[in-house]
Structures are given as C-alpha cells and as structure tokens.
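Okay, structure first, notes after.
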Amino acid sequence: MDKVIEKYVALLKNLFEAFDKDEIIEVANILIKARDEGKTIFVMGNGGSGLAASHFVADIGKSASYGKNKRFKVVCLNDNMSMLMSYANDVSYKVVFLEQLKNLFSPGDIVIGFSGSGNSENVIKAIEYANDNGGITVGFTGYDGGKLKQVSNYSVNSGCNDIQISEDFHLMMIHLLMKMINEKDLNS
440 MDKVIEKYVA LLKNLFEAFD KDEIIEVANI LIKARDEGKT IFVMGNGGSG LAASHFVADI
500 GKSASYGKNK RFKVVCLNDN MSMLMSYAND VSYKVVFLEQ LKNLFSPGDI VIGFSGSGNS
560 ENVIKAIEYA NDNGGITVGF TGYDGGKLKQ VSNYSVNSGC NDIQISEDFH LMMIHLLMKM
620 INEKDLNS
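This is the structure we're talking about:
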C-alpha cells in the first residue's frame, strides 16, 4: 500500500513541477475577458471529466463570482439530465453536447471540453461546432492531448498517461483558475 501512495504522490508532484504555467494563465485571461464582455462559458465532459466540468461551474460560477458586480455566466452541458438523455436516446450520445450548443451558443462564447484521453467524440464535436461558429475553445486533456488538444484554440494538458492523475490535475487547475481570478479582481 505504501508504494501505491508513494507512486501516486510522486506522479502528482512531478506533474506540478513540469506543467506549462502559460497555458493556465491564458485560460484565466480568456475567462476574465468572457466575464467582462458578458459571454457565456460552456463546459462539458464524460465520467470523471464530467464531474470536473460540473465542479468548474461551482468554482467559477459561484466562488469567482459571489459578491462581485461582474459575474461569470457558466453552463455545464452534462448537468441537464433530461436534455442529455433525450438526445442520447433519441439521436445519439455522440451529439449530446453539440445539439445543446446549437440551442444556446452565440459567437464569442467560450466552450471548454474536459477529456482525460482527449478523444471523447461528443466533446470534440461540440468544440468543432464552436470553432466553426466564432467561439473560443479550450481543451483540458491528459495523455498526449488526443484530438481535443489538436482542435482546441487553447489547451491545458497534464501530459500524464494516468487517467486518475490527469483528472486530479484538471480539478487542481480549476481551483487555481478560481484563485487567480479572485486575486486579479482584488488587485484591480
């Protein structure tokens, strides 16, 4: 058991010593600009990455907005179960995020996809739609980033070949974004 703990902690430690800080700074600036311009931020993911997308809404939509005049408009596309399941059942799970974006998206909005592998087809379809319709896209990925890293305008990639470590990294990046935004607001 001790070896499992040591290996897990070592992977996380190495990841945080090596991650590209410029990637997360770019994303923070994109989010702040979206808030200031009244744009909507859409997030999505499957499984553990879906949990990260939901968590993003809580930390950015509430914790980086509460008590402030300018607030983030954040929508998690995997949190509306009725909409998600109706598209999955009646059309295809491949379009559950894309079809919701078609109802809600406006040019200049931000679309963020979380995918540990970087190859979640339903996330990629939504990112491609946003790219084709004047959106700004961000992919949070693991491994080599997969197709999501390639098609996103901006990327936050763990570069780790362990899905759980990548998911941990994404959650920590969300917390870091919230703290960066709050710190910038305090110093503005």
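Just so you know, we're using the numbering used here here: the sequence shown kicks off at 440 and counts up by one.
Even for Gly, the Cβ is constructed at its ideal location relative to N, Cα and C.
Of the listed residues the options, nearest to residue i (C-alpha basis)
i	options	result
Y505	N626, S627, M617	M617
Y447	N570, N621, I604	I604
T580	L543, K507, I563, I444	I563
D475	S597, D571, A503	A503
K509	D461, A457, T479, S597	T479
T576	P546, E538, S556	P546
N485	K588, F553, A569	F553
Opening and closing residue of the alpha helix (DSSP H) in which residue i lies
i	result
I499	From DSSP, I499 is part of no alpha helix (DSSP H); its letter is neither H nor E.
F458	Premise fails: F458 is in no alpha helix (DSSP H) and is neither H nor E.
G585	585 to 590
Assigned secondary structure, residue i (DSSP; H/G/I helix, E/B strand, else coil)
i	result
N596	strand
F579	strand
M440	coil
G547	coil
V530	coil
K512	strand
Per DSSP, the bridge partner or partners of residue i
i	result
G557	Per DSSP, none; premise fails for G557.
M619	For M619, which the question treats as bridged, DSSP gives no partner whatsoever.
Supposed close pair residue i, residue j - CB separation, criterion 8 Å
i	j	result
G487	E606	4 Å
Segment limits, beta strand (DSSP E) that includes residue i
i	result
F481	479 to 484
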